[in-house]
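In our numbering, the protein residues as written are 5 to 500.
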């Protein structure tokens with residue numbers, strides 16, 4: 005056992021016990037967070053506009069602060085981009101996390117001096133939970149973080165870049181010595197060139213932890229497989245023990261990744277967002293995520309089918325129910341207030357509070373009232389792939405409202421198979437049945453002959469990589485949307 009591994013164990017035990025104690029008083033601590041952040045921001049422009057000095061309770065907060073998306077928050081962001089201070093939070097942001105929006109173009113999400121620790125400590129606590137419950141050997145080897153470029157650009161004199169690039173500047177010194185890729189390689193903007201450089205830097209290293217969004221981790225594995233004459237990852241990195249992933253549902257990628265690795269590893273799911281580090285997997289026995297309840301974020305939950313209502317129901321942590329699909333709303337010490345981040349979650353436990361991510365508020369198909377969500381399509385695909393012993397590389401689903409030859413409308417699944425099914429028609433029938441089991445509205449539309457069963461367009465290998473490259477989003481933190489309520493993505497795919 006190395007010295008770092010030895011020293012990490014008591015710290016991991018201490019941190020884990022402290023977090024367990026937090027969760028025994030989670031609701032009270034959440035209200036403490038709300039009180040702290042509204043008090044700290046009462047003299048900001050936003051605090052004055054929303055009468056923060058008179059907020060005493062959650063009921064007061066709901067009355068004073070309506071739910072917002074980025075468009076509604078944008079006037080305040082513009083003030084900060086014009087150099088003004090004390091707008092959403094005290095002083096000016098430490099960083100802007102740059103991300104893309106569907107309707108807003110580029111979005112600039114503020115990260116304050118107070119909120120940066122949320123991003124850093126959230127990831128740290130996920131690793132410490134692994135150390136405490138499984139072991140710490142991975143600390144003694146090399147670690148790779150497949151992330152965006154750490155090169156930051158000034159916007160209104162504020163360092164600005166992708167969240168993963170920002171966080172890269174705050175990796176603790178005791179981990180940085182073991183971190184790969186090198187800084188010059190990490191700064192390469194072209195993903196394919198960067199991937200080749202990463203492979204060359206890591207091929208003969210003692211890699212023990214690999215972190216990244218599943219499709220890009222899989223691309224890294226595929227490239228290693230090519231340059232090593234077909235070796236599996238555990239043959240190349242025999243001490244590899246931890247895969248940290250997040251950003252998309254892991255289930256559709258699990259089978260192929262396990263096949264690529266060819267041995268046992270621990271998987272740790274995290275839920276980082278530009279708006280805050282929200283949750284993480286703290287146990288190998290639980291695939292759900294522990295909510296980050298005492299880290300400067302106050303959470304609210306709106307029943308997902310009400311999120312676009314004028315006056316939706318707003319619930320604090322103590323009012324949620326298990327199994328209900330909620331839109332996630334947060335307020336934080338970064339200066340975000342009743343902010344709809346666009347994700348939906350379900351609670352699977354309230355002791356402690358654990359969630360699963362079910363999709364995006366705008367990523368669904370309801371062309372005929374079926375309201376099929378990402379959780380349902382991803383779960384149906386994963387179970388059908390296991391049933392047929394096939395592996396999926398990537399996929400997306402869109403409605404086909406105007407079929408040719410007077411056919412009934414249907415859901416169109418674009419699937420890139422790593423190993424295709426022996427009979428695509430049988431696979432499609434079983435996939436349709438799996439989706440009907442998960443969504444009664446979809447089943448009723450199929451049985452009532454409003455929709456015909458889904459259809460699969462099997463595409464060549466590398467198809468979705470080519471699509472992401474064609475729109476300038478290959479690699480990094482970018483991901484293929486798995487569900488759309490329109491034909492925009494499908495139409496772009498038809499042109500490839």
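Backbone N, C-alpha and C fix where the C-beta goes; we use that ideal spot for every residue, glycine too.
Problem set entry | Ranges of the beta strand (DSSP E) found wholly within the region 416–463, counting only runs of at least 3 | 459–463
Problem set entry | Integer Cβ distance of residue 247 from residue 231, believed to fall under 8 Å | For the purposes of this step, residue 247 is taken as residue 243 along the chain shown, with counting starting at 1. For the purposes of this step, residue 231 is taken as residue 227 along the chain shown, with counting starting at 1. Contact doesn't hold; Cβ gap of about 20 Å is too wide.
Problem set entry | Rounded straight-line distance, which links the Cα of residue 387 to that of residue 367 | Position 363 of the chain shown, counted from the first residue, corresponds to residue 367. Position 383 of the chain shown, counted from the first residue, corresponds to residue 387. Taking the straight line joining both Cα atoms gives about 21 Å.
Problem set entry | Assigned exposure category for residue 373 - 16 Cβ within 10 Å defines buried | The count along the chain shown starts at 1 and reaches residue 373 at position 369. Burial call: exposed.
For this session: Examine the Cβ distances between the region 455–474 and the region 87–96 and report whether three or more of them are shorter than 8 Å.
Result: no
Problem set entry | Range of the contiguous alpha helix (DSSP H) that encloses residue 132 | In the chain shown, counting from the first residue as 1, residue 132 sits at position 128. Taken as a continuous stretch (DSSP letters only), the alpha helix (DSSP H) holding residue 132 covers 120–137.
Exercise. Across which residues does DSSP place residue 4 in a beta bridge pair?
Worked result: In the structure as shown, the chain starts at 5 and stops at 500, and residue 4 therefore has no counterpart that could be examined.
Exercise. Tell me which same chain residues have a C-beta within less than 7 Å of the C-beta of residue 138, skipping the five on either side of it?
Worked result: Here residue 138 refers to the residue found at position 134 of the chain shown. Excluding residues within five positions, the ones whose Cβ falls inside 7 Å are 270 and 288.
Exercise. Per DSSP, what kind of secondary structure is residue 13 in: helix, strand or coil?
Worked result: The count along the chain shown starts at 1 and reaches residue 13 at position 9. Here residue 13 sits in helix by DSSP.
Exercise. Just reading off the alpha helix (DSSP H) that residue 202 is part of, what are its end residues?
Worked result: As a working note, residue 202 is residue 198 in the chain shown. Per DSSP, residue 202 belongs to the alpha helix (DSSP H) from 195–206.
Exercise. What are the boundary residues of the alpha helix (DSSP H) that residue 495 is part of?
Worked result: As a working mapping, residue 495 is identified with position 491 in the chain shown. Its alpha helix (DSSP H) spans residues 492–498.
For this session: State yes or no: is the C-beta of residue 435 within less than 9 Å of the C-beta of residue 418?
Result: By one-based count along the chain shown, residue 435 stands at place 431. By one-based count along the chain shown, residue 418 stands at place 414. No, Cβ-Cβ distance for residue 435 and residue 418 is not below 9 Å.
Problem set entry | Span of the alpha helix (DSSP H), counted from its first residue to its last, around residue 82 | By 1-based counting over the chain shown, the position of residue 82 is 78. Residues 74–85.
Problem set entry | Euclidean distance between Cα positions of residue 159 and residue 176 | Within the chain shown, numbered from 1, the residue matching residue 159 stands at position 155. Within the chain shown, numbered from 1, the residue matching residue 176 stands at position 172. Taking the straight line joining both Cα atoms gives about 26 Å.
Exercise. Between which two residues does the beta strand (DSSP E) containing residue 157 stretch?
Worked result: Position 153 of the chain shown, counted from the first residue, corresponds to residue 157. Residues 157–159.
Problem set entry | Sequence-distant residues of its chain with Cβ nearer than 7 Å to residue 12 (five each side left out) | Counting from one through the chain shown, the residue named residue 12 turns up at place 8. For residue 12, the CB contacts under 7 Å within the same chain, skipping 5 residues up- and downstream, are 135, 140 and 143 in chain order.
For this session: Could you check what DSSP says for residue 141 in three-state terms: helix, strand or coil?
Result: Counted from its first residue, the chain shown places residue 141 at position 137. Residue 141: helix per DSSP, three-state reduction.
Exercise. If you follow the alpha helix (DSSP H) that residue 398 is part of, which residue opens it and which one closes it?
Worked result: For the purposes of this step, residue 398 is identified with residue 394 of the chain shown, where counting begins at 1. Taken as a continuous stretch (DSSP letters only), residue 398 belongs to no alpha helix (DSSP H), being part of the beta strand (DSSP E) at 395–404.
Problem set entry | residue 47: CB within 8 Å of a non-hydrogen atom of the ligand COA | Among the components modelled here there is no ligand, and therefore nothing to report on the ligand COA.
For this session: Output yes or no for whether 9 Å exceeds the beta carbon distance between residue 216 and residue 249.
Result: As a first step, residue 216 must be located in the chain shown, where it is residue number 212. As a first step, residue 249 must be located in the chain shown, where it is residue number 245. In contact: residue 216 and residue 249 (Cβ atoms closer than 9 Å).
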